[in-house]
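Under my numbering, the first residue of the sequence shown is numbered 74, with each subsequent residue one higher.
Just so you know, even glycine gets a beta-carbon here, dropped at the ideal spot from N, CA and C.
What follows is one structure encoded as structure tokens, with my remarks underneath.
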Amino acid sequence: EFRKMSDPNKRLLLIPGPIEFHESVLAANGRQTLSHVDPGFINTFGETIEQIRSVVLTETGQPFVMSGSGTLGLEAVASNLIQRGDKALVCNTGYFADAMTDCLTRFGAEVTEVKSPLGEAVDVEAVVAALHVGPFKLLHIIHVESSLSIGNDIETIALAARKIQPEILICVDGVCATGAEELRFDAWDIDAAFTGSQKACGVPPGLMILVLSQRAMKHIKPQTYYSDLTRWLPIMQAYEKRVGSYFCTPSVNLVVALNVSLTRLLNVYGGMEKIFVTMKTIGQNMRDRVLAMGLKLVSPSGKGASNTMTSIYYPDNVDGGQFRSAMSKHNCIIAGGLHPAIKTKYFRIGHMGISALEPERGHLEQLVAAMESCLRECGHVFPKDYVPSQPLAQL
């Protein structure tokens with residue numbers, strides 16, 4: 074079965090999302106659609122809401138599952154928790170932090186940014202200094218800045234912020250992190266965390282998943298119609314009680330697929346604690362292999378690097394378009410650069426979901442082998458001591 078799955082003629086989607094999806098997830102998504110008030114679907118949706126709590130490690134957080142992309146999470150947070158004139162602090166590490174600043178501003182927030190040098194994680198001391206200067210209603214941090222593969226220290230920043238400003242609302246953009254990177258919603262006293270289904274949650278695009286703390290729930294004052302969480306709350310509560318309800322029709326098949334995928338995360342793959350450890354190992358192994366190839370990372374290897382993806386500079390003598398085209402011919406789809414300052418100078422690879430958690434499929438080995446072949450084809454000279462085509466952990 075897995076020999077067929079790891080067929081080198083299969084085109085692998087190894088970008089920061091969407092990712093490769095498990096066959097059972099795709100099968101669930103392709104089933105005949107049930108009514109949104111079918112007893113079977115009601116039970117599945119209720120179970121899925123409970124699973125989300127287990128994924129983000131919360132007992133009291135309120136999950137919301139809405140049709141939309143991760144960007145809907147930005148709007149849901151800003152439009153419900155911000156009123157005109159509120160002050161917000163954004164930890165800006167790249168393209169997607171810029172998006173949150175834009176979104177908050179559109180809903181009337183006065184935004185202060187703590188900007189990091191390109192490729193570097195949030196400077197905790199700079200955030201602490203900003204928090205001491207003035208009161209903020211909301212602090213926004215991206216867990217994984219997927220434009221540059223930066224992994225931010227959510228725990229340290231969140232706990233420091235809570236100590237300095239006990240009532241601040243701490244929001245985490247977990248779009249390229251939740252389901253893979255360590256996130257402890259209750260222990261770190263997070264107020265809002267959101268993601269999209271197509272990343273580490275392992276489901277085709279179309280769902281936005283949000284969790285709010287009870288503290289955040291008290292601040293909801295909606296500014297939009299569709300994102301009005303006061304309309305969504307009774308729907309989520311009803312389904313969790315195994316009672317059908319309606320505000321707008323949910324993405325039935327995607328919710329069923331999410332249930333299948335989260336069951337795999339929590340049961341088949343050993344639960345979140347095991348996944349956190351596995352992903353840290355995979356992230357480090359991938360960075361080690363890239364460095365051994367004589368390549369340069371956009372985000373430094375170590376504490377400030379993501380474990381779900383890696384951003385890599387093209388060698389000086391390698392044409393980026395030619396390299397990505399060659400990778401496609403080797404059936405590995407990778408992503409180009411996104412950050413406008415260096416967009417044409419680097420590429421991005423994703424290593425999450427089944428590609429990371431089911432090594433028997435050989436996805437990452439196929440990726441590395443394709444990189445070796447295509448870099449050589451494009452003129453890159455490897456270090457003399459580099460030994461190609463080893464398993465990732467055997468450098």
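Supposed contact pair Gly167 and Asp218 - C-beta distance, whole angstroms, cut 8 Å: Per the sequence presented here, residue 218 reads as Glu, with Asp not at that position. With a Cβ gap of about 4 Å, Glu218 and Gly167 count as contacting.
Environment of Asn102 [buried if 16+ CB atoms lie within 10 Å]: buried
CA nearest to the CA of Pro278, picked from Gly224, Ala330 and Thr133: Ala330
C-alpha gap between Met400 and Arg449, whole angstroms: 12 Å
Selected residue, minimal CA-CA separation from Leu162, among Ala199, Val454 and Phe258: Ala199
As assigned by DSSP and simplified to three states, the class of Gly224: strand
Contact set for His95: own chain, Cβ-Cβ below 6 Å, skip 5 residues either direction: Ile427
Distance, Ser127 Cα to Ala273 Cα: 15 Å
Asn165, enclosing beta strand (DSSP E) - first and last residue: Lys160 to Asn165
Length of the line joining the Cα atoms of Val441 and Phe137: 37 Å
Distance CB(Tyr312)-CB(Leu430) smaller than 7 Å: no
Cβ neighbour criterion (16 or more within 10 Å) applied to Gly247: buried
Ala260 - DSSP class collapsed to helix/strand/coil: coil
With 16 other Cβ atoms within 10 Å as the buried cut-off, status of Ser108: exposed
Identity of the residue in Leu302, Val333, Tyr387 and Val363 nearest Val460 by Cα: Val363
Buried versus exposed, by CB contacts within 10 Å (16 or more), Cys405: buried
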